[in-house]
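Colleague: Protein chains in written order, with our numbering: chain A, 15 to 101; chain B, 15 to 101. Following this message is one structure expressed as structure tokens.
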């Protein structure tokens, strides 16, 4: 299972676009805060397997390529437990 | 631009997995509530252009294929304005 604290430690590069707690800095990027951990894992693995084209895949595919299963689980645990808050 | 009220009217089929207000019924499906509208549009268009494989693309690609740009904008407007609430 993922470790949210470890995920926080690995989230610096994600925070660049998705924000430090998963509230995206621009509308083109998805919010990750409060998203389902299983879905976050599924998305990261899809990028890692080069299964997603279009959108921001040109950025996300290489990002995900360097992540281990544990990294993915930790990052998913971290962002899924953040609060999106009122828009 | 999208019309949230019109989007609500078109959201019945989405609600099956994503919940009536975008809080997914199962962890494998993404929450849509409070997600950025521009990202929701980008995702639906990626599915519509068959740019996403893996995950639930087998379900989402045909779903998106039948949507017009206006449908996509309305659905994005609707779900993005819903509240995710405390997990």
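Note that CB positions come from ideal geometry on N, CA and C, so glycine has one too.
Could you please give the first and the last residue of the uninterrupted alpha helix (DSSP H) stretch that includes residue 92 of chain B?
Modeller: 83-94
Colleague: At what residues does the alpha helix (DSSP H) containing residue 56 of chain B begin and finish?
Modeller: 51-62
Colleague: Can you confirm whether residue 44 of chain B, when its beta carbon is compared against all beta carbons of chain A, has any partner nearer than 8 Å?
Modeller: yes
Colleague: Less than 7 Å between C-beta atoms, sequence neighbours within five positions excluded: which residues of the same chain meet that for residue 71 of chain A?
Modeller: 61
Colleague: Residues of chain B with a CB under 7 Å from the CB of residue 24 of chain A: which are they?
Modeller: Residues of chain B passing the Cβ test: none, with the nearest at roughly 21 Å.
Colleague: Can you give the Cα-Cα distance for residue 29 of chain A and residue 54 of chain A, rounded to whole angstroms?
Modeller: 15 Å
Colleague: Tell me the rounded alpha-carbon separation between residue 97 of chain A and residue 76 of chain B.
Modeller: 32 Å
Colleague: So is residue 16 of chain A in contact with chain B if we call contact Cβ pairs under 8 Å?
Modeller: no
Colleague: Rounded to whole angstroms, what is the Cα-Cα separation between residue 69 of chain A and residue 57 of chain B?
Modeller: 7 Å
Colleague: What residues from the stretch 36-60 of chain B come within 9 Å of chain A, judged by C-beta to C-beta, listed N to C?
Modeller: 38, 40, 41, 42, 43, 44, 45, 47, 48, 49, 50, 51, 52, 53, 54, 56, 57, 59 and 60
Colleague: What residues in the stretch 59-85 of chain A have a beta carbon less than 7 Å from any beta carbon of chain B?
Modeller: 60, 63, 65, 66, 67, 68 and 69
Colleague: Count the other CB atoms, across all protein chains shown, that sit within 10 Å of the CB of residue 86 of chain A; report buried if there are 16 or more and exposed otherwise.
Modeller: buried
Colleague: Using a C-beta to C-beta distance shorter than 7 Å, which residues of chain A count as neighbours of residue 98 of chain B?
Modeller: 48 and 98
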